[in-house]
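K.L.:
Below you will find the structure I want to go over with you.
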Ligand code: UFG
């Protein structure tokens, strides 16, 4: 019997490559479609790769026609909050317009299962800090807006096509590396807190800056729900199994339900690495909400998701091993 086929856009990136690996290990045949603008060829390991852009609808259509996937995982996107404020058009293009291209081809080819990378940034700066999917989305930066628009496009399209079902996962702060050391973060210009902290510990940066110490949180720094890449990747496999079993469209948070402040993360990074790296307190970074923590009741109930790596130590130590050993 032939394996079920999945097209993965952005499968050469940090999250897409980890999901590709897990899909392959779970018995799916995967084809990665990626323009390698931020992703890396090596990260696709042994999967088939088409180097292409989502703007190139002809190539996308030809790829889908010949590969004939039964499901699409759509990761390809721009992901930095700060950059989205400086370059909003890039975010609406890459995140929103390109989703329309992907969906149009899926529509033409009759592909009716879709897994979408959404983000906690759709919530904006919620008053409570801990957010459930029933909270009214109110993004405070173009990145969050571009993803919320994409969610609305998916919802409207699903109404027009009763066969089409999707899972949109709203990721909180994804970090860490594959515990077996095969994959991890490899951005050319890393901006995320844990990666910046570890690269500072390694001596690649002179110091780590803290963006804002006057937030209404216990130690004045922002609180986030950090989730290990392997648990996040596993949620995607469960999402596809859920759709394959006939599950209905689902929009769900993906996080642990526990937050850590920037200062707590730095302390843990110093403990894990054993390096007391220099830290400088600076002003706020535009577009940052004070606190974002997931309610994960829905994902636990609907996808039967049970995290296996949910501690800050697991996240930071796996990322540290990756930083120390990777050759790329
Ligand atoms: N931070 C610093 N110094 C740094 C880097 C980050 O103080 O050098 C702070 C930020 O100001 C923020 C926190 O650390 O308060 C986390 O920042 P990240 O850049 O690591 O992550 P974000 O919370 O901005 O965004 C990430 C993803 C988004 C996703 C969001 C969901 O990049 O895609 O988490 O919570 F939407």
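In my numbering, the protein residues as written are 2 to 329. Virtual Cβ for every residue (Gly too), placed ideally from N, Cα, C.
What is the DSSP secondary structure of residue 229, counted as helix, strand or coil?
P.N.:
If you number the chain shown from 1, residue 229 lands on position 228. Under the three-state reduction of DSSP output, residue 229 falls in the strand class.
K.L.:
Taking the beta strand (DSSP E) that residue 8 falls in, what are its first and last residues?
P.N.:
Reading the chain shown from its first residue, position 7 is the one you call residue 8. It spans 6-10 - the beta strand (DSSP E) in which residue 8 sits, taken as one unbroken run.
K.L.:
What is the residue span of the alpha helix (DSSP H) that residue 320 lies within?
P.N.:
Position 319 of the chain shown, counting from 1, holds the residue named residue 320. Run containing residue 320: 313-326, per the alpha helix (DSSP H) assignment.
K.L.:
Here's a check: name, in chain order, each residue in its chain whose Cβ is nearer than 6 Å to the Cβ of residue 323, leaving out the five neighbours to either side.
P.N.:
Taking the chain shown and counting its residues from 1, the one referred to as residue 323 is at position 322. Cβ neighbours of residue 323 within its own chain (closer than 6 Å, five residues either side excluded): 178 and 185.
K.L.:
Are the beta-carbon atoms of residue 72 and residue 7 separated by less than 7 Å?
P.N.:
Within the chain shown, the letter at position 71 stands for residue 72. Within the chain shown, the letter at position 6 stands for residue 7. Cβ distance < 7 Å, so residue 72 and residue 7 count as in contact.
K.L.:
Using only the heavy atoms of ligand 1, determine whether one of them is closer than 6 Å to the beta carbon of residue 197.
P.N.:
As a working note, residue 197 is residue 196 in the chain shown. Yes, since a heavy atom of ligand 1 falls inside the 6 Å radius drawn around the Cβ of residue 197.
K.L.:
Would you report the Cα separation of residue 113 and residue 99, rounded to the nearest angstrom?
P.N.:
Indexing the chain shown from 1 puts residue 113 at position 112. Indexing the chain shown from 1 puts residue 99 at position 98. Going from the Cα of residue 113 to the Cα of residue 99 covers about 18 Å.
K.L.:
Could you check where the beta strand (DSSP E) with residue 120 kicks off and where it finishes?
P.N.:
Taking the first residue of the chain shown as position 1, residue 120 is located at position 119. 114-120 is the span of the beta strand (DSSP E), which, as asked, contains residue 120.
K.L.:
From the DSSP output, which residues share a beta bridge with residue 176?
P.N.:
Within the chain shown, numbered from 1, the residue matching residue 176 stands at position 175. Residue 176 pairs with 229.
K.L.:
Would you kindly check if the distance between the Cβ of residue 130 and the Cβ of residue 294 is under 7 Å?
P.N.:
The count along the chain shown starts at 1 and reaches residue 294 at position 293. The count along the chain shown starts at 1 and reaches residue 130 at position 129. Going by C-beta atoms, residue 294 is nearer than 7 Å to residue 130.
K.L.:
By DSSP, does residue 293 sit in helix, in strand, or in coil?
P.N.:
Counting from one through the chain shown, the residue named residue 293 turns up at place 292. Residue 293: strand per DSSP, three-state reduction.
K.L.:
Quick check: is any heavy atom of ligand 1 less than 6 Å from the C-beta of residue 223?
P.N.:
For the purposes of this step, residue 223 is taken as the residue at position 222 of the chain shown. Residue 223 Cβ: within cutoff of ligand 1.
K.L.:
Quick check for students: name the residue ranges of the beta strand (DSSP E) that lie wholly in the region 115-175, counting only runs of 3 or more.
P.N.:
166-172
K.L.:
Counting only runs that start and end within the region 219-266, where is the beta strand (DSSP E) found for 3 or more residues in a row?
P.N.:
227-229 and 251-255
K.L.:
At the level of alpha carbons, what is the spacing between residue 76 and residue 172?
P.N.:
Locating residue 76 in the chain shown gives position 75, counting from the first residue. Locating residue 172 in the chain shown gives position 171, counting from the first residue. Straight-line Cα distance between these residues: approximately 12 Å.
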